[in-house]
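Q: The structure under discussion is supplied below as structure tokens; questions concerning it will follow.
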Amino acid sequence: MTAPITELTDRMRSIFGLVVDAYLDRGAPVGSKALAGTVNLSPASIRSVMQELEERGLLTHPHTSAGRIPTESGLRLFVDGIMQAHLPGRQERAAIEAQLRDRPIEEALANATAALSGLSACAGVVVAPKLEPRLKQLSFVPLGSGQALAVLVGTDGSVENRVVNLPPGTAASALAEVANFVTARLSGLTLAEAEGRLRVEIRERREALDSAAAELVASGLAEWREDARARPVLIIRGQANLIDEAAAADLDRVRRLLDELEDRQEIVRLLEGAREGQGCRIFIGSENRMFALSGSSVIAAPYRGSEGQVLGVVGVIGPTRLNYARVVPMVDYTAQALTRLMG
């Protein structure tokens, strides 16, 4: 069990902070001799303090002859109680802002994620607002046995293919007529708008549409709309940043991390945990179940719309050896910039 920050003496707090800073900077165990020139203590005194910090669960050593590195609990204590965060520099802020200016929302989100990835040397992630797709084209391909393949094309280029069961006696020509009506008259509408317009046509029979075929399409539009709302939009940029020189010494961890990044639903669930609250959430190593195996950290913050509602989450994924003091404010600034964009 780790000690709370209030139980550490000033000397212990100072040595602990120096060890963590040096480890985060170099990624290597820190020995007493390396700290002797930065504090007015002998190497023996420093070793004694480091031993006590290890007994309190804040430091550990990877092998007998090495210096110490912080434990995950030690990193949590450092982030919560000792770390001095620094605002992003002017150039960093400008680099983030430049990716958002005068761009469509989807492009701005992807670019901001890429910029955050480049500046932090981590993988950048963003959960985008669940925007309802707009129709461009609908077509059917008969499959026989009372089924057809519905092909729904959105104005954003997305394509949705679904096998649908046809009401008995539904003719291919009836499906084609409804598909032609949707493409010609409902193109550009959201799925909700298209469904509503089509149901009006069915009810008032202003178009010579087969009612069973039209009802099938209207119900399908409603179902696709609900699926689209439930399906998260996750953008990940900069996975290559996770494979650096330090990572080469622990390829198994990197492989596990890259495998974990393939599970987008789990990533979204993790990031959704950052929706509550005003600032950054920091998940260190095994504090999050998803990245427990690879020992990775996640820093994430929500961004909001014009009415203060949370629209999504932006953040980074990287090794536990992150420069938290630099990256946390960077993520927070990106979230604020996206909030201004959405306002």
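Its first residue numbered 109, the sequence shown is counted upward by one per residue in this note's numbering. For glycine and all other residues, C-beta sits at the position ideal for the given N, C-alpha and C.
Whole alpha helix (DSSP H) runs in the stretch 293–351 with 4 or more residues, listed along the chain?
A: 299–312 and 319–338
Q: Suppose the cutoff is 6 Å on Cβ atoms and the five residues either side in sequence are ignored; what does the same chain contact list for ALA443 look like?
A: ALA409, TYR411 and VAL422
Q: Does the distance from the CB of VAL147 to the CB of SER122 come in under 8 Å?
A: yes
Q: Just list the residues that DSSP pairs VAL249 with in beta bridges.
A: LEU257
Q: From CYS230, LEU260 and SER247, pick the residue whose C-alpha is nearest to that of LEU350; which is it?
A: CYS230
Q: For the structure I just gave you, are there three or more beta carbon pairs, one from the stretch 285–301 and one from the stretch 241–254, closer than 8 Å?
A: They touch, by the three-pair rule.
Q: Would you check if there are 3 or more beta carbon pairs closer than 8 Å linking the stretch 250–260 to the stretch 361–381?
A: no
Q: When DSSP labels each residue in this structure, what does GLN444 get in the three-state scheme?
A: helix
Q: How would you label ARG345, buried or exposed, when you count the other beta carbons within 10 angstroms and need 16 or more for buried?
A: buried
Q: Tell me, to the nearest whole angstrom, how far the beta carbon of LEU126 is from that of LEU430; I am working on the premise that it is less than 8 Å.
A: With a Cβ gap of about 18 Å, LEU126 and LEU430 do not count as contacting.
Q: In whole angstroms, give me the CA-to-CA distance for GLN417 and GLU163.
A: 45 Å
Q: Fully enclosed by the stretch 148–173, which alpha helix (DSSP H) runs are 4 residues long or longer?
A: 151–163
Q: Mind checking which residues open and close the beta strand (DSSP E) that includes ARG389?
A: Unbroken beta strand (DSSP E) run through ARG389: 389–391.
Q: According to DSSP, which residues form a beta bridge with LEU419?
A: None, per the DSSP bridge assignment.
Q: Taking the alpha carbon of GLY451 as the point to measure from, which residue in LEU195, GLU180, ALA203 and ILE213 has its own alpha carbon closest?
A: ILE213
Q: Buried or exposed for GLN63, going by 16 or more other Cβ atoms inside 10 Å?
A: In the structure as shown, the chain starts at 109 and stops at 451, and residue 63 therefore has no counterpart that could be examined.
Q: Exposed or buried, ALA202, counting other C-beta atoms within 10 Å across all chains shown (16 or more means buried)?
A: Answer is exposed; the Cβ neighbour count stays below 16.
Q: Which complete alpha helix (DSSP H) runs does the stretch 195–249 hold, if anything under 4 residues is left out?
A: 198–206 and 213–228
Q: Compute the distance between the beta-carbons of THR221 and ILE343, then report whether it is under 8 Å.
A: yes
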